[in-house]
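Note that the numbering used here gives residue 439 to position 146 of the sequence shown, counting from 1, and the numbers run on in steps of one.
Heads up: the structure comes next, in structure tokens.
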Amino acid sequence: MKRKMIILCYMLLIVGVSYGQKANKAKELPKHVILIGFDGLSAKSIRDGANMPTLRKLMSEGSSTLEGRTILPSSSACNWASMFMGAGTELHGYTTWGSQKPELPSRVVNSDNRFPNIFGLYRDKTPKAEIGYIFEWEGMNYLVDTLAINYRLHTTDCTVPAIKYIKEKKPNLCAVIYHEPDGVGHSKGWSSPEYMNKLTELDKSLSEIVKAVEESGIMNETVIIVTSDHGGIKTGHGGVTMEEMQRPVVFYGKNIRKGFTIEESNVVYDIGGTMAYLLGVKQPQVWTARPIMSIFNK
Numbered sequence: 294m295k296r297k298m299i300i301l302c303y304m305l306l307i308v309g310v311s312y313g314q315k316a317n318k319a320k321e322l323p324k325h326v327i328l329i330g331f332d333g334l335s336a337k338s339i340r341d342g343a344n345m346p347t348l349r350k351l352m353s354e355g356s357s358t359l360e361g362r363t364i365l366p367s368s369s370a371c372n373w374a375s376m377f378m379g380a381g382t383e384l385h386g387y388t389t390w391g392s393q394k395p396e397l398p399s400r401v402v403n404s405d406n407r408f409p410n411i412f413g414l415y416r417d418k419t420p421k422a423e424i425g426y427i428f429e430w431e432g433m434n435y436l437v438d439t440l441a442i443n444y445r446l447h448t449t450d451c452t453v454p455a456i457k458y459i460k461e462k463k464p465n466l467c468a469v470i471y472h473e474p475d476g477v478g479h480s481k482g483w484s485s486p487e488y489m490n491k492l493t494e495l496d497k498s499l500s501e502i503v504k505a506v507e508e509s510g511i512m513n514e515t516v517i518i519v520t521s522d523h524g525g526i527k528t529g530h531g532g533v534t535m536e537e538m539q540r541p542v543v544f545y546g547k548n549i550r551k552g553f554t555i556e557e558s559n560v561v562y563d564i565g566g567t568m569a570y571l572l573g574v575k576q577p578q579v580w581t582a583r584p585i586m587s588i589f590n591k
């Protein structure tokens with residue numbers, strides 16, 4: 294009898310510790326995740342002194358790296374797909390800069406007949422969540438679970454609708470994806486004065502979105518992620534140079550380490566894994582992403 298009581302007490306202790314750990318983790322996770330993406334923003338431009346005070350503030354007061362890598366090819370659709378889908382082209386099947394559907398059969402598909410992505414996975418976990426998706430390049434429309442999203446907008450300028458949406462709806466998950474500076478990179482060059490001027494302009498948009506999060510009253514429960522899909526060299530991208538493959542990755546907000554440089558290797562699909570962790574979403578087996586765990590306060 295005494296032995297049974299000891300075993301029972303031990304089991305209750307284990308259950309209590311497990312419950313406590315889960316409760317502590319829930320307290321550390323944000324209620325809101327805002328992803329801001331700039332198509333074609335290179336890590337090299339930041340190293341070269343791009344005038345982006347807002348981005349640099351988020352870097353200094355958050356966790357960041359200028360060594361995040363693309364998958365190959367270092368082009369748009371396949372990398373945005375990897376970011377949302379937690380895996381590379383070999384599994385999700387989007388293989389080109391302008392893929393509108395998988396050129397390779399997706400290894401697994403969900404009820405929306407798409408490879409599992411963060412929007413659909415989060416919707417399945419949290420049916421009442423507010424999920425937004427605002428983008429400038431039409432090609433972004435083919436890379437997400439459209440049925441999982443409350444507010445989806447293709448626009449010529451993300452900033453004003455993003456501000457309005459964040460203030461009014463306080464989304465739990467929102468992606469805001471700009472088409473620039475990719476366009477200027479292709480027309481004028483990735484190291485051109487025009488490209489660097491465009492970065493300053495985009496930084497002002499970033500500042501306005503951050504301000505909207507603050508004014509909405511949700512900043513204390515938010516993690517903001519700023520990143521891109523690829524860089525560029527001369528007037529192109531898609532190759533294997535570091536100028537094309539290295540991207541900035543910045544995390545800022547609740548429980549994120551301040552002034553921390555991410556040393557661990559990370560690929561574009563690890564953004565999806567980190568978003569899943571932040572949102573309490575279990576990664577499907579087919580994902581190859583790894584959450585970037587070093588960014589969190591212990």
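From the three backbone atoms N, C-alpha and C, an ideal C-beta is built for every residue, glycine too.
Please name the residue, chosen from the options, that lies closest to residue i on a Cα-to-Cα basis.
i: D475; options: S509, E507, G529, L436; result: G529
i: E536; options: P577, K527, F544; result: K527
i: E431; options: S587, I588, D332, Q539; result: D332
i: I411; options: S587, Q539, C467, A455; result: C467
i: Q578; options: K337, V401, I427, T388; result: V401
i: T567; options: V506, S375, V477, L351; result: S375
i: D405; options: E473, I442, K547; result: I442
i: V519; options: E321, V326, L322; result: V326
i: V542; options: K324, T363, K320, P323; result: T363
i: V437; options: H472, I511, K320, P395; result: P395
i: E360; options: Q576, D563, L414; result: D563
i: T448; options: N465, E429, R583; result: E429
i: G546; options: P486, I427, K350; result: K350
i: I339; options: P464, L414, D496, M512; result: D496
i: Y426; options: T388, F377, K320, R583; result: F377
i: E514; options: T389, P464, N559; result: P464
Going by DSSP, what residue range makes up the beta strand (DSSP E) through residue i?
i: F544; result: 539 to 546
i: F331; result: 325 to 331
i: Y444; result: 444 to 447
i: I468; result: The sequence as given places Ala at residue 468; Ile does not occur at that position. It spans 466 to 471 - the beta strand (DSSP E) in which A468 sits, taken as one unbroken run.
So, residue i versus residue j, is the Cβ gap smaller than 9 angstroms?
i: S521; j: D341; result: no
i: G532; j: S335; result: no
i: L446; j: M345; result: no
i: K457; j: E423; result: no
i: V503; j: T347; result: yes
i: A343; j: L440; result: no
i: G330; j: Y471; result: yes
i: A370; j: Y435; result: yes
i: L365; j: M538; result: yes
i: N372; j: V561; result: yes
i: T389; j: S368; result: yes
i: N559; j: T382; result: no
The alpha helix (DSSP H) spanning residue i covers which residue range?
i: E396; result: Per DSSP, E396 belongs to no alpha helix (DSSP H) and is neither H nor E.
i: E508; result: 486 to 508
i: A441; result: No alpha helix (DSSP H) contains A441, which DSSP labels as neither H nor E.
i: T581; result: No alpha helix (DSSP H) contains T581, which DSSP labels as neither H nor E.
i: V516; result: It is not in any alpha helix (DSSP H) - V516 instead sits in the beta strand (DSSP E) that spans 515 to 520.
i: L571; result: 562 to 571
i: D341; result: No alpha helix (DSSP H) contains D341, which DSSP labels as neither H nor E.
i: S480; result: 475 to 481
i: P454; result: 452 to 462
Excluding the five sequence neighbours on either side, which residues of its own chain have a C-beta within less than 6 angstroms of the C-beta of residue i, listed in chain order?
i: K418; result: V574
i: W580; result: G379, A380
i: P584; result: G566, T567, Y570
i: N590; result: N548, R550
Enumerate in chain order the residues of its own chain whose CB-to-CB distance from residue i is below 8 angstroms, with the five nearest sequence positions on each side excluded.
i: E508; result: K460
i: S399; result: L384, H385, G386, R407, F408
i: E501; result: T452, I456
Using a Cβ-Cβ cutoff of less than 7 angstroms, which residues in the same chain neighbour residue i once the five nearest sequence positions on both sides are dropped?
i: R588; result: According to the sequence displayed, residue 588 carries Ile and not Arg. Within the same chain, I588 has close Cβ partners S356, F544, I549, R550, F553, I555.
i: G482; result: Y488, K527, T528
i: L571; result: L322, P323, V326, V516
i: S353; result: G552
i: Q576; result: G379, G566, A569, A582
i: E557; result: I585, S587
i: Y415; result: A422, I424, L466, L572, V574
For the ligand FAD, any of its heavy atoms closer than 8 angstroms to the Cβ of residue i?
i: I555; result: As presented, the structure is devoid of all ligands, the ligand FAD included, so that no description of it is given.
Length at least 3, wholly inside the stretch 347 to 428: the beta strand (DSSP E) runs in chain order: Counting only runs of 3 or more, we get 356 to 362, 424 to 428.
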